[in-house]
Amino acid sequence: MRGARIHPLHGRPLKARSGNNMIYGKLPGLDKSVSRLVMGVDHQTFMPHASVMFDAYYEHGGNCFDTAWIYGGNGACEKILGHWSHNRGVRDSIIILEKGGHTPWCNPSDIRCHLEESLNRLQTDAWGMKV
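Position in the sequence shown (from 1) plus 3 gives the number in our numbering.
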């Protein structure tokens, strides 16, 4: 059921509330505004709990998530964020800050491999950054 859209607990499609107080900034090479408050995704290994937290953050105007290849041990945190963004249909409206280069795998070939795994786990095929 990978193509299904799953709504938040309130049953409505997920969207940012108008009139929120979120402060935004810009990052070089990125066309969209980035919320200055960033949601960390480490330790989010239980989908129902993570979904409620991500939904609330997004509805309050948050659009930037921080994650890493190493979070959750086997990439569980990335998988949950990817699953949530796909199910809620918000992938194009969020920014994912992905980190690589974790000891002892701090070399170009391992970092490339880890980032490619991260793209797969996050269910996305592009970073969106113009470099």
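Backbone N, C-alpha and C define an ideal beta-carbon position, used for all residues, glycine too.
At a cut-off of 3 residues, the continuous stretches assigned as beta strand (DSSP E) that sit fully inside the segment 78-132 are 98-102. With fewer than three CB-CB distances shorter than 8 angstroms, the segment 27-35 does not count as touching the segment 43-53.
Of the residues assessed, GLY75 falls on the buried side of the cut-off, its CB having 16 or more other CB atoms within 10 angstroms. The closest CA to that of ILE97, considering only THR70, MET50 and HIS52, is found on THR70.
Taking a contact as a CB-CB distance under 8 angstroms, the pair GLU120 and TRP72 counts as one, their CB atoms being some 6 angstroms apart.
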